[in-house]
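In this note's numbering, the protein residues as written are 3 to 250. Heads up, the beta-carbon is just placed ideally off N, CA and C, and yes, glycines get one too.
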Ligand code: NAD
């Protein structure tokens, strides 16, 4: 660990009136939830991400996509927040107006660690929603569940899908607005465990930097947005986040 760099970032965090944190899949890796790339191993390695995480893929083979999400849902339910999630939650509780947490993660580990107000850019894997607006203009009703099949509306056949943002879909506009606002007004922007490959979330670091924030990246590997950062700390979220925040 680069101790002087760590202490320099701690000093920035201690002084900052507004801190925006952006987390990605690496935040939950040590809780046992695979990152996107890692989730495409084993049985799933022969599938293209577009098949498993797009509306077209779901329409083409609902059962395949539902199965993949069912397995990921089990993993999320079994996982526990790690020391990084806990350190962020403790800091947020101690300084209620200073930290805004923006996450690309579809798991609920920040919430279970105790951060209630999380801006969720990519939805919630544990939530169900309907694929289509009800063609009858009414509420759909899930019928009896068939094993390993997405539930269907008993009246119109509409399918249930997971409540995540798929490739090619818009981010929830209110969440994106709130995230951009938090990035712009932050004095320190802390980017944890993201490859920086998924837009528009990846643009938040640059937005913060242009607005005058000190940008810090925490990641064991190089990311596509390292050039936007004033400081890059190489290491894992469960080790570095407590090292940065504990006692502040
Ligand atoms: P990504 O899979 O593209 O990148 C993960 C990043 O985490 C990599 O840069 C990797 O080096 C880093 N990393 C790995 N282990 C780490 C650790 N212990 N500590 C810190 N960093 C670590 O993930 P992404 O950038 O979040 O983008 C992919 C999209 O897939 C996300 O937007 C999200 O919607 C979705 N996703 C979410 C989850 C989840 O909710 N936990 C899991 C998989 C995918």
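For ligand 1, a non-hydrogen atom lies closer than 7 Å to the CB of residue 108. In terms of Cα proximity to residue 216, the closest of 239, 47, 228 is 228. Residue 134 sits exposed, since fewer than 16 C-beta atoms from the chains shown fall within 10 Å of its C-beta. Taking residue 161 as reference, the option from 61, 203, 243 with the minimal CA-CA separation is 61. Of the residues 232, 241, 220, the one whose Cα lies closest to the Cα of residue 23 is 220. The three-state secondary structure of residue 126, taken from DSSP, is strand. Between the region 147-160 and the region 111-126, the count of Cβ pairs shorter than 8 Å is below three; the stretches do not touch.
In the DSSP assignment, the residues bridged to residue 23 are 103, 192. Following the DSSP letters along the chain, one finds residue 164 inside the beta strand (DSSP E) bounded by residues 162-166. Residue state for residue 235 is assigned as strand, using DSSP reduced to three classes. Spatial neighbours of residue 180 in its own chain (CB-CB distance under 6 Å, excluding positions within 5 residues in sequence) are listed in chain order as 121. DSSP lists 104 as the beta-bridge partner residues of residue 121. Between the C-alpha atoms of residue 248 and residue 89 there is a straight-line separation of about 6 Å.
Judged by DSSP secondary structure, residue 67 falls within the alpha helix (DSSP H) whose first and last residues are 64-80. Relative to ligand 1, the nearest heavy atom lies less than 7 Å away from the CB of residue 38.
Proximity of the region 183-194 to the region 68-81 falls short of the contact definition, fewer than three beta-carbon pairs being nearer than 8 Å. A distance criterion of 7 Å places the beta-carbon of residue 196 in contact range of ligand 1, judged by its closest non-hydrogen atom.
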